[in-house]
Amino acid sequence: MFQNKTILITGSSGFIGSNLMKRLLIEAENCTLIGFDNNNDYYDVSLKEYRLDQLSQIKTKNTYKFIKGDLADKPLLESLFRQYHFDIVVNLAAQAGVRYSITNPDAYINSNIIGFYNILEACRNHPVEHLVYASSSSVYGGNKKIPFSTDDKVDNPVSLYAATKKSNELLAHAYSKLYNIPSTGLRFFTVYGPMGRPDMAYFGFTNKLIKGETIEIFNYGNCKRDFTYIDDIVEGIVRVMEKPPIKKTGEDGLPLPPYKIYNIGNNNPENLLDFVQILSEELIRAKVLPKDFDFEAHKKLVPMQPGDVPATYADTSELEKDFEFKPSTSLRQGLRKFSEWYYDYYILGNKNNE
Ligand SMILES: NC(=O)c1ccc[n+]([C@@H]2O[C@H](COP(=O)([O-])OP(=O)(O)OC[C@H]3O[C@@H](n4cnc5c(N)ncnc54)[C@H](O)[C@@H]3O)[C@@H](O)[C@H]2O)c1
2 MFQNKTILIT GSSGFIGSNL MKRLLIEAEN CTLIGFDNNN DYYDVSLKEY
52 RLDQLSQIKT KNTYKFIKGD LADKPLLESL FRQYHFDIVV NLAAQAGVRY
102 SITNPDAYIN SNIIGFYNIL EACRNHPVEH LVYASSSSVY GGNKKIPFST
152 DDKVDNPVSL YAATKKSNEL LAHAYSKLYN IPSTGLRFFT VYGPMGRPDM
202 AYFGFTNKLI KGETIEIFNY GNCKRDFTYI DDIVEGIVRV MEKPPIKKTG
252 EDGLPLPPYK IYNIGNNNPE NLLDFVQILS EELIRAKVLP KDFDFEAHKK
302 LVPMQPGDVP ATYADTSELE KDFEFKPSTS LRQGLRKFSE WYYDYYILGN
352 KNNE
């Protein structure tokens, strides 16, 4: 894997960022790996600290440093880029979540718009080999044509979150064209797994079920999601990081934008009701829920929520073509890993070992 590179991962206390950092700490060689995050309290901060703690315990052949800071702090980013001269930047820090953007729009503008602009400016002033950044399947909004392809028009976001992610792709395109910055945007499709995000449905369902509460399944269960296991996402990011879009010159003598967008999703959407059925079985298997748990009595079918979309389904042919990779972890395997981790972390309280 990577050798002698200086790599910045923003959002490194987050779900995807911490898993990516873990993989690099284990597999990269002689690299300088800088994690960056403001550790905000959008969800339980102790989970972010736990992830950082896990990272600091890994024996590594690399230099690792975590810096606590905010993407909206332009002078801080500028000084970091000046100091480290990053070869690769992976921007995963963002205000995530669709529903929260309805009540807290400012957080999305600060982190996803101003923060991302600051990253682009820093890459402009301190050229990098590759900028990789997180976009989202939510950019497809209410598109009816499935599977969702990166060739499809995505001009109809149905949440502010989706609008900020689409804006990131547009801003990155302009910076790639103007300053010849190789950039790749990754549209992730509903990522889940151990050490995941408590604000996401599968995690929230689990928290409720163990308290004996009833879970609400939106759109009367008539929802399909392309659930993607965290290790598949990390594998996809690593492969993409290694291969920036090639710089080329156009007929006008100006650089063609070295710019790419890929979907990273399972390419196999599952019905939400099937998903929660497997989740409940795996939670019972992992002893998070009792053997005789009556799942039917704890679920309620309710209407669609604002900002939600009925289906997500990733066309991953471009990813397969360019990187010979396609996510392959089954829901059963992935939810088993999640349930076992949940048991260990929350039920046994083993917050210091994985
Ligand atoms: N998890 C998914 O299903 C999913 C799907 C599509 C896209 N994404 C995108 O992938 C990226 C990573 O998602 P995640 O699931 O790991 O989310 P996460 O919330 O666990 O991680 C994001 C991290 O960014 C940090 N952060 C937020 N704003 C910041 C700021 N202004 N400055 C510094 N740090 C900041 C947070 O503290 C958090 O630790 C995000 O950009 C998200 O929008 C995630």
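The sequence shown maps to residues 2 to 355 in the numbering used here. We treat Cβ as the ideally placed atom computed from N, Cα and C, and that holds for glycine.
Do residue i and ligand 1 come close, with the Cβ less than 7 angstroms from some heavy atom?
| i | result |
| --- | --- |
| Tyr141 | no |
| Asn126 | no |
| Tyr314 | no |
| Tyr43 | yes |
| Asp275 | no |
| Cys93 | First, the amino acid is wrong: residue 93 is Leu here, not Cys. Indeed, a heavy atom of ligand 1 lies less than 7 angstroms from the Cβ. |
| Asp71 | yes |
| Gln58 | no |
| Val192 | yes |
| Asn39 | yes |
| Asn272 | no |
| Phe189 | yes |
| Asn264 | no |
| Ser138 | yes |
| Ser14 | yes |
| Arg286 | no |
| Asn111 | yes |
| Lys66 | no |
| Lys49 | yes |
| Ala175 | no |
| Gly186 | no |
| Gly335 | no |
| Gln55 | no |
With distance defined between alpha-carbon atoms, name the residue in the options nearest to residue i.
| i | options | result |
| --- | --- | --- |
| Lys66 | Asp74, Leu81, Ala73 and Pro76 | Leu81 |
| His127 | Asp275, Arg83 and Ser57 | Arg83 |
| Phe16 | Ile59, Leu77 and Gln96 | Gln96 |
| Gly197 | Leu25, Gly350, Ser340 and Gly36 | Ser340 |
| Lys69 | Asn41, Gln58, Thr61 and Tyr85 | Asn41 |
| Lys248 | Pro183, Thr229, Gln278 and Leu161 | Pro183 |
| Asp71 | Tyr134, Asn111 and Leu255 | Asn111 |
| Thr151 | Phe189, Leu132 and His86 | Phe189 |
| Ser329 | Val277, Gly237 and Pro256 | Gly237 |
| Phe1 | Lys166, Ile120 and Gly12 | There is simply no residue 1 to check, as the chain begins at 2 and stops at 355 in what is shown. |
| Pro148 | Asp253, Pro291, Thr317 and Leu172 | Thr317 |
| Pro35 | Ile10, Arg226, Ser47 and Gly18 | Pro is not the amino acid found at residue 35; the sequence shown has Ile there. With distances taken between Cα atoms, Ile35 lies closest to Ile10. |
| Leu77 | Asp107, Gly116, Asp227 and Leu172 | Gly116 |
| Leu332 | Phe294, Gln58, Tyr203 and Asn264 | Tyr203 |
How far does the beta strand (DSSP E) with residue i in it extend, from its first residue to its last?
| i | result |
| --- | --- |
| Leu38 | A small fix is needed here, since residue 38 is Asp in this sequence, not Leu. Where Asp38 is concerned, the enclosing beta strand (DSSP E) stretches over Thr33 to Asp38. |
| Val133 | His131 to Ser137 |
| Ser184 | Ser184 to Phe189 |
| Arg302 | Reading off the sequence, residue 302 comes out as Leu, not Arg. Here the beta strand (DSSP E) through Leu302 covers Lys300 to Leu302. |
| Thr11 | Thr7 to Thr11 |
| Glu325 | Counting along the chain, Glu325 falls outside any beta strand (DSSP E), and DSSP gives it neither H nor E. |
| Val310 | Note, Val310: premise wrong, no beta strand (DSSP E); not H, not E. |
| Asn126 | Where Asn126 is concerned, there is no enclosing beta strand (DSSP E), although the alpha helix (DSSP H) it sits in stretches over Gly116 to Asn126. |
| Ile59 | Neither: Ile59 is in no beta strand (DSSP E) and is coded neither H nor E. |
| Tyr263 | Tyr260 to Ile265 |
| Ile89 | Ile89 to Asn92 |
| Glu217 | Ile216 to Ile218 |
Can you name, in chain order, every residue of its own chain whose Cβ lies under 6 angstroms from the Cβ of residue i, other than the five neighbours on each side?
| i | result |
| --- | --- |
| Ala29 | Met2, Phe3 and Asn63 |
| Asn20 | Ile231 and Val235 |
| Asn351 | Asp345 |
Starting from residue i and walking both ways along the alpha helix (DSSP H), at which residues does that stretch end?
| i | result |
| --- | --- |
| Val241 | Ile231 to Met242 |
| Lys66 | Run containing Lys66: none in the alpha helix (DSSP H); it sits in the beta strand (DSSP E), Thr64 to Lys69. |
| Tyr109 | Pro106 to Tyr109 |
| Ser329 | Counting along the chain, Ser329 falls outside any alpha helix (DSSP H), and DSSP gives it neither H nor E. |
| His86 | Where His86 is concerned, there is no enclosing alpha helix (DSSP H), given that its DSSP letter is neither H nor E. |
Excluding the five sequence neighbours on either side, which residues of its own chain have a C-beta within less than 7 angstroms of the C-beta of residue i, listed in chain order?
| i | result |
| --- | --- |
| Asn354 | Low local confidence applies: a pLDDT of 44 at Asn354 is under 50, so the model's placement there is unreliable, with the coordinate-based value given in what follows. Result list for Asn354: empty, nothing under 7 angstroms. |
| Gly143 | Asn157, Val159 and Val310 |
| Asp88 | Lys6, Thr7, Ile8, Val129 and Glu130 |
| Ile114 | Thr165 and Ser168 |
| Pro258 | His174, Ser177 and Lys178 |
What does a CB cutoff of less than 8 angstroms around residue i pick up in its chain, not counting 5 residues either side in sequence?
| i | result |
| --- | --- |
| Lys146 | Asp153 |
| Phe219 | Leu273, Val303, Pro304, Met305, Gln306 and Asp309 |
Is any non-hydrogen atom of ligand 2 found closer than 7 angstroms to the C-beta of residue i, if you look at the structure I gave you?
| i | result |
| --- | --- |
| Thr11 | Only ligand 1 can be found as ligands here, which leaves ligand 2 out of the picture. |
- Query: How do the stretch 230–243 and the stretch 50–59 stand: do at least 3 beta-carbon pairs fall below 8 angstroms, yes or no?
  - Reply: With the cut-off at 8 angstroms, the stretch 230–243 and the stretch 50–59 do not touch.
- Message: With three or more C-beta pairs closer than 8 angstroms as the rule, is the stretch 173–180 touching the stretch 203–215?
- Response: Flag = no, the stretch 203–215 and the stretch 173–180 do not touch.
- Report yes or no: do three or more beta-carbon pairs, one from the stretch 197–208 and one from the stretch 241–260, lie closer than 8 angstroms? With the rule of 3 Cβ pairs closer than 8 angstroms, the stretch 197–208 does not count as touching the stretch 241–260.
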